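Per my numbering: the sequence shown = residues 131 to 274.
Where is the CB? At the ideal position from N, CA and C, for every residue including glycine.
Source: prediction; values computed, not measured.
Contents: one structure, followed by commentary.
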Amino acid sequence: MNTDMSAKAVLRRELLAARRLLTDQDAERAASVLARHALELPELSGARTVAAYVSVGREPGTRALLDALRARGVRVLLPVLLADNDLDWAAYEGAEGLAKAGRGLLEPAGERLGPDAVLEADAVLLPGLAVDARGMRLGRGGGS
131 MNTDMSAKAV LRRELLAARR LLTDQDAERA ASVLARHALE LPELSGARTV
181 AAYVSVGREP GTRALLDALR ARGVRVLLPV LLADNDLDWA AYEGAEGLAK
231 AGRGLLEPAG ERLGPDAVLE ADAVLLPGLA VDARGMRLGR GGGS
């Protein structure tokens with residue numbers, strides 16, 4: 131393992147450990163702040179289609195944001211993880227339209243739109259443990 135990969139692994143471990151210490155109240159507050167700030171972004175104000183994700187575990191919750199976008203009439207696309215770790219996409223039709231999938235994920239149960247559906251998005255919201263000043267994202271290390 132090279133030094134850069136080792137440093138990423140250490141940082142990832144530390145950030146995940148800190149996230150596990152969050153209380154339910156902390157997580158709810160983070161979800162509320164995330165939704166409020168995201169909805170104020172100019173990139174989302176005029177968006178007709180947004181690609182996003184359903185949070186899992188102790189990630190800051192995205193459901194309030196997904197529902198608020200949908201209430202605005204925004205078409206929300208969510209990823210569907212394929213067996214080869216590539217992504218397909220499906221429209222978010224509300225929490226009742228989500229089904230349990232592999233890796234503890236929730237995915238839309240509706241029609242699959244194909245991998246290129248994301249190209250229709252005016253904005254794409256990505257999960258990340260951390261982002262540096264250059265916008266480089268540190269994820270959970272799973273690819274896709």
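**Q.** DSSP-derived helix/strand/coil call for Met266
**A.** coil
Q) Between which two residues does the alpha helix (DSSP H) carrying Pro172 extend? A) Pro172 to Ser175
Q: Let me know the secondary structure DSSP gives Asp154 once reduced to three states.
A: helix
(Q) Here's the rule I'm using: 16 or more other beta-carbon atoms within 10 Å means buried, otherwise exposed. How should Glu241 be labelled? (A) exposed
Q. Quick one: Cα of Leu141 to Cα of Arg150, how far?
A. 14 angstroms
**Q.** Unbroken alpha helix (DSSP H) run spanning Leu236, endpoints
**A.** Premise fails: Leu236 lies in the beta strand (DSSP E), Leu236 to Pro238, not in any alpha helix (DSSP H).
Q.
Just to confirm before moving on: does the CB-CB distance between Ala247 and Leu207 stay below 7 angstroms?
A. yes
Q.
Classify Pro190: buried if its beta carbon has 16 or more other beta carbons within 10 angstroms, exposed otherwise.
A. buried
**Q.** Exposure of Ser185, with buried meaning 16 or more beta-carbon neighbours within 10 Å
**A.** buried
Q: Please report how far the alpha carbon of Gly244 lies from the alpha carbon of Leu255, in whole angstroms.
A: 18 angstroms
Q) Ordered along the chain, which non-local residues of its own chain (more than five positions away) have a Cβ less than 6 angstroms from that of Ser136? A) none
Q) Of all Cβ atoms in chain D, is any one closer than 7 angstroms to the Cβ of Gln155? A) Here chain D cannot be found, since the structure has a single protein chain.
Q: Closer than 7 angstroms by C-beta to Ala253: which residues in its own chain qualify, once you throw out the five before and the five after it? Chain order, please.
A: Glu173, Leu174, Ala177 and Val180
Q.
Once DSSP output is grouped into helix, strand and coil, what is the label at Asp246?
A. helix
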